[in-house]
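Under the working numbering, think of the first position of the sequence shown as 4, with each following residue one higher. Heads up, the beta-carbon is just placed ideally off N, CA and C, and yes, glycines get one too. Note that the structure is predicted; figures quoted are calculated from it, not measured. Contents: one structure, followed by commentary.
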Amino acid sequence: MSQTSFENGRSVQELDPRLRSLHKGSTPDVPVASPRTDHRQRHRHGPLLVKLGFFLAVMALAVAILRAFVIQPFSLPGNAMAPTLRADDRLLVLKSGVLGDSIARGEIVVFHPPRSMSCTVAGGRVGDLALRVVALPGETIWSRAGTIFVDGRRLRERGWYDRRSGQVGSTPIRSTTLAPDQYFVMADRRSNACDSRVFGPISRSSVVGKGIAVVGRDGHVFFDTL
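Right under this line is the structure:
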């Protein structure tokens, strides 16, 4: 008996149109990925990776330049700047090379301490310090009855110093006239006398930079401008 049955001289395939596409040895069409398509995809990904690598390299170079010439991080030693700052706060410092003569009264500067400094920072850490500028080059500063005077006028500060110790604290300021390149710096916790009242004015050349923001506190990311 033949493979295809006949009925009244007509094949089963002719009787049922659904079977017309079925032939002996036929196989369904299967789409095959073109090698040319894979090549195009690889070709598109190549330039993307090159651009990404170039962008990362530029960013790394920009960060390196910023750290070398413009800004640098600084970890605050001790609590001399409380309540404004806390021990181990991470500061962002604008470096002295871009400051020019823009250091103003009331700003916090980071500086190399004098070699002959007779006082110690809380915790005994040795290194750069951060204190607030209260008198500028050429000015004369002194204190009387717990009040600071600069060039004969009472120094009016914003409320950054610790009110418990007052504007001067227990260590008065002897009359000091600053040279053209000197600054008089004090702690915000004025009972802490490890500042210009003890080691004298600091020179412009000793200034590393001025603090512009707090970027870390208690081991966490924290941001506040100074």
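Reducing DSSP to helix, strand and coil, say where residue i ends up.
i, result
"Pro76", "strand"
"Leu25", "Any answer about Leu25 is weak, because its pLDDT of 48 lies below 50 and its placement is not dependable; what the coordinates show is given next. In the structure shown, Leu25 sits in coil (DSSP, three-state: anything other than H, G, I, E or B)."
"Val15", "Only weak support is given to the placement of Val15: the predicted model assigns it a pLDDT of 47, under 50, and the question is left unresolved by the model."
"Leu55", "helix"
"Val201", "helix"
"Gly212", "strand"
"Ser99", "helix"
"Arg159", "coil"
"Gly222", "coil"
Figure out for me which residue from the options has the closest Cα to the Cα of residue i.
i, options, result
"Val101", "Gly81, Arg161, Val73 and Gly130", "Val73"
"Arg89", "Gly212, Arg192 and Arg167", "Arg192"
"Val124", "Arg161, Leu79 and Val137", "Leu79"
"Gly141", "Pro50, Leu51, Ser206 and Leu59", "Ser206"
"Gly214", "Asp92, Arg156 and Thr180", "Asp92"
"Val218", "Asn82, Asp131, Leu94 and Phe187", "Leu94"
"Thr179", "Gly155, Ser194 and Trp163", "Gly155"
Should residue i and residue j be called a contact, given that it needs their Cβ atoms to be closer than 8 Å?
i, j, result
"Ile201", "Ser121", "Checking the sequence shown, residue 201 turns out to be Val, not Ile. Closer than 8 Å, so yes."
"Val96", "Gly212", "yes"
"Ser209", "Phe114", "yes"
State the beta-bridge partners of residue i as determined by DSSP.
i, result
"Val217", "Leu94 and Asp227"
"Tyr164", "For Tyr164, which the question treats as bridged, DSSP gives no partner whatsoever."
"Phe111", "Residue 111 is actually Ile in this sequence, not Phe. Beta-bridge pairing links Ile111 to Arg135."
"Gln185", "Ser206"
"Val153", "Ile144 and Arg156"
"Thr87", "Answer is none; Thr87 lacks a bridge partner."
What's the call for residue i, buried or exposed, on a 16-neighbour Cβ count within 10 Å?
i, result
"Pro204", "buried"
"Leu55", "exposed"
"Ala148", "exposed"
"Ser173", "exposed"
"Asp227", "exposed"
"Ala190", "buried"
"Ser199", "buried"
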